[in-house]
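Numbering (this note's numbering), first residue to last: 27 to 343.
Note that CB positions come from ideal geometry on N, CA and C, so glycine has one too.
The structure displayed is predicted, hence computed values, not measured ones.
What follows is a single structure, written as structure tokens, with notes after it.
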Ligand SMILES: CC(C)(COP(=O)(O)OP(=O)(O)OC[C@H]1O[C@@H](n2cnc3c(N)ncnc32)[C@H](O)[C@@H]1OP(=O)(O)O)[C@@H](O)C(=O)NCCC(=O)NCCS
């Protein structure tokens, strides 16, 4: 096998990065859109594997959780180089680079649907949490579901400001009661609840909208949700993450976001909502499938997402 070398990515690698992206996510990979921004962001590291001038792999990570965590994302290896340990080595090299250059980092976290690690790898990983993902393709059945959704009465949900979410959820014990293990995910990025992460979340997803149940000025919310619309090539994707342990609040958010989506979007819509527990997922299914008669999306299969954590060995000072 030709020698594979590992190094930091360069801006001039862009054409090769496009090549690594070919065919990923049915041709809709986000990596080419993000590459330049990542390269210019101080706490982002993009590591590549190269054979001569050709890139054969890439992985990236950024620092979050007040400097404690490297969040890893975007593993890519050319199909003809897969299964030879390239990704494994890339991850190791990235970890070593992060440890050297960001000494406050004590762990790596990542979110994946993959759950087939070797025993050896699994022994080093901790599963922090897993999410079940509901996803519905809203097409011809929309008029029926829309009409039905108007007949179901639920708790009132209202949009809230970013400042409210930052102050109440990210900087307060209230958030910790609503979010399992205090790790909130959006789009496969696991963020701990701390105010510096709220800024990072908005940096990554500037169009996010936040919602909570209507509650009096002097009481704390028992639920919140957030998400945004992402245009794709031939449909629109609306994701909503709902955080609560209460079934009625959960269903109220789900229904509110569904109604909002139907009003705002006329094109083909895929509605995606990961939930924190199997109990909530089953109630979500009852609402969306039994009552509204929505069909599961076959574009995005119903999946489970896992948040994994790997401790980095601490170096002697
Ligand atoms: C996933 C992918 C990067 C793996 O690359 P690879 O070089 O073939 O992987 P390796 O030969 O190093 O061996 C697999 C190792 O990678 C890890 N791995 C494999 N697939 C993974 C996935 N989807 N997510 C996270 N880790 C994964 C495992 O740790 C595994 O090691 P283990 O068997 O000891 O547990 C490659 O198959 C690929 O580019 N797939 C398409 C893009 C993709 O699905 N990326 C992941 C989601 S962002």
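At a cut-off of 7 Å, the beta-carbon of residue 48 does not count as near ligand 1: no heavy atom of the ligand is closer than that.
Closest option to residue 240, judged by alpha-carbon separation, among 224, 182, 271 and 283: 182.
Those residues having their beta-carbon less than 6 Å away from any non-hydrogen atom of ligand 1 are, in chain order, 50, 100, 101, 102, 103, 108, 109, 110, 111, 112, 113, 114, 138, 140, 143, 144, 146 and 147.
The alpha-carbon of residue 245 is positioned some 10 Å away from that of residue 200. By the Cβ rule, the region 262-274 does not count as touching the region 131-142, because fewer than three pairs are nearer than 8 Å. The bridge partners DSSP lists for residue 80 are 77. In this structure, DSSP gives residue 184 an extended state, which the three-state scheme calls strand. Counted as a single uninterrupted DSSP element, the alpha helix (DSSP H) harbouring residue 200 occupies residues 199-204. Residue 97 sits away from residue 83, with the two beta carbons spaced by 8 Å or more. Secondary structure in the region 85-152: the beta strand (DSSP E) runs of 3 residues or longer, each lying completely within the stretch, are 95-103 and 133-138 in chain order. A straight line joining the alpha-carbon of residue 198 with that of residue 30 spans about 47 Å.
Looking at 189, 275, 36 and 154, the one whose alpha-carbon comes closest to that of residue 62 is 36. Runs of the beta strand (DSSP E) spanning 3 or more residues and lying entirely within the region 280-321 occur at 295-301, in chain order. The C-beta separation of residue 330 from residue 171 comes to about 25 Å, leaving the pair out of contact by the 8 Å criterion. DSSP lists 332 as the beta-bridge partner residues of residue 156. For the pair of segments examined, the region 39-48 was found to touch the region 74-82: the number of CB pairs separated by less than 8 Å reaches three.
In its chain, beyond the 5 residues on either side, 276 have a beta carbon closer than 6 Å to the beta carbon of residue 306.
In this structure residue 158 is buried. Its beta-carbon is surrounded by 16 or more other beta-carbon atoms within 10 angstroms. The residue among 215, 53, 187 and 211 with its C-alpha nearest the C-alpha of residue 235 is 187. Straight-line spacing of the CA atoms in residue 73 and residue 209 works out to 26 Å. Checking the DSSP bridge columns, you'll see residue 59 has no partner listed.
In the structure shown, residue 53 adopts helical secondary structure according to DSSP, grouped into three states. The alpha carbon of residue 273 has as its nearest neighbour, out of 301, 287 and 285, the alpha carbon of 301. Here DSSP, grouped into helix, strand and coil, assigns residue 173 to helix. If you draw a straight line from the Cα of residue 94 to the Cα of residue 130, it comes to about 6 Å. Within the same chain, 186, 247 and 250 come within 6 Å of residue 238 by CB-CB distance, once the 5 residues on both sides are set aside. A distance below 6 Å between beta-carbons, with the five flanking residues on each side excluded, links residue 191 to the following residues of its chain, in chain order: 236. Residue pairing by DSSP puts residue 235 in a beta bridge opposite 253. Rounded to whole angstroms, residue 56 and residue 100 show a C-alpha spacing of 9 Å.
Residue 308 is positioned such that its CB atom lies no closer than 8 Å to that of residue 160.
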